[in-house]
Amino acid sequence: MDDSLVFPSQHPLVKHKLTLLRNARTEPKKFRELVRELSILLAYEATADLALRDITVQTPLAQTTGHQLAEKIGLVPVLRAGLGMVEGIWEMMPSAEVWHIGLYRDEHTLKPVTYYNKLPVEPRVSVVLVLDPMLATGGSAVATVDILKQWGARRIKYVGLIGAPEGITRLRAAHPDVPIHIGVVDERLSREGDPWPAGYIMPGLGDAGDRQFGTG
Ligand code: PRP
Ligand code: URA
0 MDDSLVFPSQ HPLVKHKLTL LRNARTEPKK FRELVRELSI LLAYEATADL
50 ALRDITVQTP LAQTTGHQLA EKIGLVPVLR AGLGMVEGIW EMMPSAEVWH
100 IGLYRDEHTL KPVTYYNKLP VEPRVSVVLV LDPMLATGGS AVATVDILKQ
150 WGARRIKYVG LIGAPEGITR LRAAHPDVPI HIGVVDERLS REGDPWPAGY
200 IMPGLGDAGD RQFGTG
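Under numbering that gives the first Met the number 0, the residues of the sequence shown are numbered 0 to 215, in order.
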């Protein structure tokens, strides 16, 4: 597999916060705070190549040349677990548009089922960040990028917190043009005989939606 577009974070803050996030004792309030903070750090890394235009700015002392973002950004959280990734990133880039896609993973087949999609007729953004904390089998990520490409999005980046090798391979194979910015790549997916049902990321953090919303 070509790993040139897979970017596991090397940042010490990300590693520190991911460890707190994984801890089974971390309560939903703290868990949401960590998801928010990690998302900001990962979006910072994922947006390092955004284009700028020069603008003139008057400081109290002199006129100088500064910069302005030249690209319109779309944030696409995948419901429900991706919701917790939006707020912090949006504060960093308040001119971004936010569009939601609703998908859940059928618990028996592990295939994604789409239940919400209200994208506008055509994209008004030049780069889209897909926000979903868990890249497990990769089914949800591939389905989301399929939807966004059919919609007309040309430049798409995936931003997630924890990935399994299986999900990364699948997303790379289906959409080799989509860079994957991920907090960490874990060992594998759970299978029959493991303490959790098949298809969860090991060691992972459990169910990201349940842990954020207190529904587990
Ligand atoms: C989780 C997660 C991803 C998906 C990843 O969502 O947020 O969307 O699983 O799994 P995959 O890579 O195998 O497709 P889930 O289906 O649990 O829904 P939820 O966010 O509403 O809890
Ligand atoms: N969805 C989750 O929330 N966690 C996993 O480990 C896999 C899919």
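Every residue gets a Cβ at the ideal spot worked out from N, C-alpha and C, and that includes glycine.
TODO: Let me know the alpha helix (DSSP H) ranges lying completely inside the stretch 110-169, each 4 residues or longer, listed in chain order.
DONE: The qualifying runs are 138-150.
Open item on the list: If contact is defined by three or more beta carbon pairs under 8 angstroms, each pair taking one atom from either stretch, is the stretch 173-189 in contact with the stretch 58-69?
Closed with: Verdict: no, contact absent.
- [ ] Can you tell me which of the three DSSP states Leu-51 falls into?
- [x] Three-state DSSP puts Leu-51 in a strand.
TODO: State buried or exposed for Lys-14, treating a residue as buried only when at least 16 other CB atoms are found within 10 Å of its CB.
DONE: With fewer than 16 other Cβ atoms within 10 Å, it is exposed.
TODO: State the DSSP-derived secondary structure class of Gly-81, mapped to helix, strand or coil.
DONE: If DSSP states are grouped into helix, strand and coil, Gly-81 belongs with the helices.
Open item on the list: Quick check on DSSP: helix, strand or coil for Tyr-43?
Closed with: Looking at Tyr-43 - three-state DSSP - the assignment turns out to be helix.
- [ ] Give the single residue among Asp-206, Ala-69, Val-127, Ser-38 whose Cα lies nearest to the Cα of Val-85.
- [x] Minimum Cα distance to Val-85 is reached at Ser-38.
Open item on the list: According to DSSP, simplified to helix, strand and coil, what is Pro-93?
Closed with: Looking at Pro-93 - three-state DSSP - the assignment turns out to be coil, as it is neither helix nor strand.
TODO: Using three-state DSSP, classify Gly-87 as helix, strand or coil.
DONE: Of the three classes helix, strand and coil, the one that applies to Gly-87 here is helix, per DSSP.
TODO: Have a look at Met-91 and Leu-68 and give me their C-alpha separation to the nearest angstrom.
DONE: Between Met-91 and Leu-68, the C-alpha separation is close to 12 angstroms.
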